[in-house]
Structures are given as C-alpha cells and as structure tokens.
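Below is one structure; the comments refer to it alone.
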DNA sequence: GTCTATAAAGGGATAGAC
DNA sequence: GTCTATCCCTTTATAGAC
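Protein chains in written order, with this note's numbering: chain A, 364 to 558; chain B, 364 to 558.
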C-alpha cells in the first residue's frame with residue numbers, strides 16, 4: 364500500500380507515539396514537534412520514518428488504531444458467552460485503550476484532511492468500532508433476549524458513553540471507570556429488556 | 364470583567380460566529396482566518412472587536428456558550444413536569460444547539476490554553492451542563508421514581524449519548540435525531556426503574 | 001469598522017552532514 | 001537514524017490609513 368522504509372523497531376515507536384497523541388488530541392492539535400518531543404528526537408528526524416508527512420502519518424496511525432480496535436473488540440466479544448459478558452468485554456477493551464474520540468474525529472479531524480482519506484477512515488471507523496458492537500445487539504435482538512432497537516444507534520450510544528468515562532477528569536471520579544462501565548451496562552440491559 | 368469596546372451589533376456577530384466554529388471543531392482546528400472568512404471580513408479586522416486575541420475569544424465564547432446551555436437547560440427542565448418530559452426537554456435543547464463536544468473540550472482544547480482559564484471553564488462546564496441534568500436524576504432518585512445511581516455519571520452518559528447523535532453523519536441516520544433521542548431516553552428510564 | 005501592510009512566531013517539509 | 005540548517009507557508013498579532 365505504500366513505500367515506507369523497512370519496518371523497524373524505531374518506526375514502530377514513532378507510529379505508536381503518534382497514534383496515542385492523535386487519538387487523544389486530534390489532528391490539528393498535535394504538531395510534528397509534539398510527536399518528536401515525545402520521542403526525544405528532532406522534528407525533521409520523523410521524515411526518515413514517515414517520508415510522506417503529517418497527514419499521511421495521521422491517516423496511517425488512525426487506520427491502525429481502528430483496526431486494532433476491530434481486532435480487540437471482535438476477539439474479546441467472541442470469547443465471551445453471554446450478552447452481558449460480551450458488552451463488558453467491549454467496554455473493558457475501550458477502557459484499556461487510549462481514548463479515541465469518535466465525535467471529535469468525525470466533526471473536526473475529518474474536515475482537516477483530504478476528503479478521500481476522510482471517507483475511507485469514516486468507513487473503517489464504522490466497521491471497526493460500530494459494527495462489532497452493533498452485532499451484539501442484533502444477535503440478542505433476533506433471539507428475543509432484548510428489544511429490537513436500532514442496533515447502530517445502540518452501539519454508538521454505548522461507545523460514546525464509555526468514551527465519556529475516559530474523558531472524565533480524575534477529580535470527578537467517585538468510582539472507578541470499570542465500576543461505572545458495569546453500572547451503565549446494567550442500565551442498558553435493563554433498559555432493553557422485552558416488555 | 365473586561366475592557367471590550369461597547370457591545371455592538373457587529374461584535375455580537377463576531378462572537379456568534381466564533382462560538383459556533385469553536386464549538387464544532389475545537390480551539391486548535393479553528394483559525395482566526397476561518398472566523399473572519401465566515402464573517403466576510405479580514406482576519407485583522409477581528410482585533411477591533413476582540414482586542415485580546417484568539418485565546419481570549421475562545422474563552423469568552425465558550426463561557427457564553429456554556430452559560431446559554433445552563434439557562435436553556437434549567438428553563439426547559441423547570442418548565443417540564445414529569446421525569447420523562449424533563450429528560451426530553453434536556454435532550455431537545457442539546458439537539459437544538461450547535462454540537463458542543465465536551466469530551467474534545469476536556470481532552471484537547473483545555474490543554475491548549477492557559478491552565479487557569481482551563482480550570483475555570485471546566486468548572487463552568489460542570490455546573491452548566493452536568494449539574495442541571497444530574498439534578499433531574501437526583502430528585503427522581505430521592506422520591507423513589509428511579510434507582511439511585513451516581514447522578515453525575517448518568518448526566519454525563521445522557522449528554523454524551525445525545526451529543527453523539529449530533530456527530531452522526533447524515534447517511535447513517537435511519538431515523539431522525541429526535542426520534543433516536545426519545546428511544547434512548549426510554550432506554551434510560553426503563554434501565555433505571557426500581558427493581 | 002474594516003482595510004492593507006507587515007512583523008514575529010509556529011509549523012510542515014527538504015537537503016545534506018555525520 | 002538522527003542531526004543542523006533552512007525554506008516557505010500559515011497563523012497570530014500590531015500599526016496605521018481610510
């Protein structure tokens with residue numbers, strides 16, 4: 364897909380650092396100097412690992428991030444047996460990762476890059492994040508375990524609720540994020556029981 | 364509180380435009396040129412209305428935005444009588460406003476401005492957005508209408524779920540945002556029923 | 001109130017030394 | 001692989017004309 368230098372240890376470090384920063388703050392809010400500083404190298408040195416510049420770096424690590432979420436979510440969800448444990452697995456995965464703010468990505472990051480890349484990433488976000496979780500609700504719906512609500516909406520709601528726990532500043536945390544996540548899953552399950 | 368030129372019609376237009384752009388895309392992603400372009404004037408002309416520059420503009424309009432939310436939420440919630448209509452009123456208010464992404468604001472915008480202003484805005488966000496909605500859950504909890512869950516968490520969850528509807532791209536909208544909001548409120552209410 | 005011109009700093013990108 | 005030096009464009013901000 365591209366003509367990068369051979370994948371080295373060092374290149375991985377660059378991608379990991381950039382991935383974390385972009386996921387947390389977004390495209391415009393992160394400069395290449397921020398990335399370089401976090402790595403302890405100079406900004407120009409980044410171009411050895413990422414010759415195509417900032418936007419290409421953003422697209423590459425964002426796609427990677429989404430794919431890792433897809434893999435992590437599918438694996439953990441697949442390994443869980445009940446509806447509740449599947450949702451817990453999904454929530455715990457999301458809590459274990461650097462917060463990736465889907466809302467910001469769609470509203471702010473996507474308008475700052477080329478439209479072609481933006482729609483590619485949007486599609487990837489759809490089937491890497493929304494679909495694996497929507498699937499849970501779809502299956503539970505067809506077997507009558509829960510009401511049949513719009514599954515994409517439910518997946519989006521669950522993701523944004525869990526993501527909002529990641530964004531919550533420490534001093535508002537009366538309980539741990541995992542405990543709150545479980546409460547919210549209980550709320551969802553009770554709220555979706557067939558009436 | 365500050366030494367702005369007399370509040371004119373023109374200054375209001377500037378603030379409104381800046382407010383909308385900053386709320387949608389965030390501090391770093393909006394340039395003063397973007398604001399000026401949207402107004403049809405030159406970037407330097409902004410300084411007549413906002414002599415203290417970009418950060419001061421951001422802080423002023425973000426505070427204004429939060430205060431308007433506080434007023435709008437409190438008014439609409441106060442005018443509603445039942446638990447459900449209060450939550451609907453809050454959701455409809457949020458849907459009626461330019462999407463203000465709290466998560467992005469906390470994670471990205473706040474680290475880009477001076478820490479003092481950041482913590483001021485954080486506090487304002489807390490009592491302008493979270494508290495009015497948390498209040499609904501608190502009151503409903505004490506009279507036994509719903510389970511007593513962490514009300515701040517519930518408020519945060521509701522806000523982020525509704526905000527995520529604003530961010531949803533048009534082509535994923537199988538139903539209107541208002542319809543989805545009602546479904547989600549139903550889910551919350553069913554999920555919070557005393558067991 | 002808005003303009004042009006311009007200073008000053010920031011940020012992306014390239015060239016070439018080591 | 002990383003550095004320094006440098007280019008160039010963007011962005012913030014100021015000065016002064018109209």
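Even for Gly, the Cβ is constructed at its ideal location relative to N, Cα and C.
Below-7 Å beta-carbon distance, residue i vs any chain B residue
| i | result |
| --- | --- |
| residue 387/A | yes |
| residue 420/A | no |
| residue 424/A | no |
| residue 542/A | no |
| residue 505/A | no |
| residue 524/A | yes |
| residue 527/A | yes |
| residue 375/A | no |
| residue 364/A | Legend: pLDDT at residue 364/A = 46, less than 50; position of this residue unreliable, value from coordinates given subsequently. With 7 Å as the cut-off, residue 364/A does not count as an interface residue toward chain B. |
Distance between residue j and residue i (C-alpha atoms, nearest Å)
| i | j | result |
| --- | --- | --- |
| residue 365/B | residue 415/B | Caution applies to residue 365/B, whose pLDDT of 47 falls short of 50 and renders its modelled position unreliable; the value that the coordinates give is listed next. Straight-line Cα distance between these residues: approximately 10 Å. |
| residue 426/A | residue 389/A | 14 Å |
| residue 519/B | residue 493/B | 6 Å |
| residue 381/A | residue 475/A | 17 Å |
| residue 540/B | residue 525/B | 9 Å |
| residue 547/A | residue 449/B | 20 Å |
| residue 533/B | residue 469/A | 12 Å |
| residue 445/B | residue 430/B | 24 Å |
| residue 508/B | residue 551/B | 13 Å |
| residue 456/A | residue 407/A | 35 Å |
| residue 544/B | residue 523/B | 11 Å |
| residue 402/B | residue 376/B | 8 Å |
| residue 323/B | residue 443/B | The shown model of chain B, from 364 to 558, leaves out residue 323/B, and the question about it has no answer. |
| residue 387/B | residue 515/A | 23 Å |
| residue 497/B | residue 517/B | 7 Å |
| residue 433/B | residue 404/B | 31 Å |
| residue 477/A | residue 399/B | 23 Å |
| residue 393/A | residue 530/A | 17 Å |
| residue 481/A | residue 472/A | 8 Å |
| residue 553/B | residue 499/A | 20 Å |
| residue 441/B | residue 420/B | 31 Å |
| residue 510/A | residue 372/A | 48 Å |
| residue 384/A | residue 413/A | 16 Å |
| residue 484/B | residue 447/A | 37 Å |
| residue 395/A | residue 501/A | 42 Å |
Neighbour list for residue i in chain A, Cβ cutoff strictly below 7 Å
| i | result |
| --- | --- |
| residue 464/B | 466, 467 and 470 |
| residue 475/B | 392 |
| residue 538/B | 513 |
Contact list for residue i against chain A, beta-carbon separation under 8 Å
| i | result |
| --- | --- |
| residue 547/B | 516 and 520 |
| residue 532/B | 469 and 485 |
| residue 512/B | 546 and 550 |
Interface flag, residue i vs chain A, CB-CB below 7 Å
| i | result |
| --- | --- |
| residue 391/B | yes |
| residue 497/B | no |
| residue 381/B | no |
Residue i versus the options, residue with shortest Cα-Cα distance
| i | options | result |
| --- | --- | --- |
| residue 306/A | 477/A, 442/A and 435/A | One cannot answer for residue 306/A here, as it falls past the ends of chain A, which runs 364 to 558. |
| residue 490/A | 505/B, 535/B and 379/B | 535/B |
| residue 462/B | 477/B, 374/B, 474/B and 528/B | 528/B |
| residue 454/A | 438/A, 467/A and 466/A | 438/A |
| residue 512/B | 408/B, 557/B and 387/B | 557/B |
| residue 428/B | 465/B, 406/B and 451/B | 465/B |
| residue 542/A | 451/A, 471/A, 477/A and 484/A | 451/A |
| residue 374/A | 537/A, 409/A, 488/A and 495/A | 409/A |
| residue 422/B | 486/B, 497/B and 549/B | 486/B |
| residue 555/B | 538/B, 413/B and 521/B | 521/B |
| residue 379/A | 424/A, 504/A and 537/A | 424/A |
| residue 488/A | 501/A, 504/A, 502/A and 467/A | 467/A |
Neighbour list for residue i in chain B, Cβ cutoff strictly below 9 Å
| i | result |
| --- | --- |
| residue 555/A | 550, 553 and 554 |
Discussion item. Can you pull out the residues from the region 424–444 of chain A whose beta carbon lies closer than 9 Å to at least one beta carbon of chain B?
Written reply: Of all residues in the region 424–444 of chain A, none has a C-beta nearer than 9 Å to a C-beta of chain B.
Worksheet item: Got a sec: which bits of the region 398–415 of chain B sit with their beta carbon under 9 Å from any beta carbon on chain A, in order along the chain?
Response: Closer than 9 Å at the C-beta level to chain A, one finds no residue of the region 398–415 of chain B.
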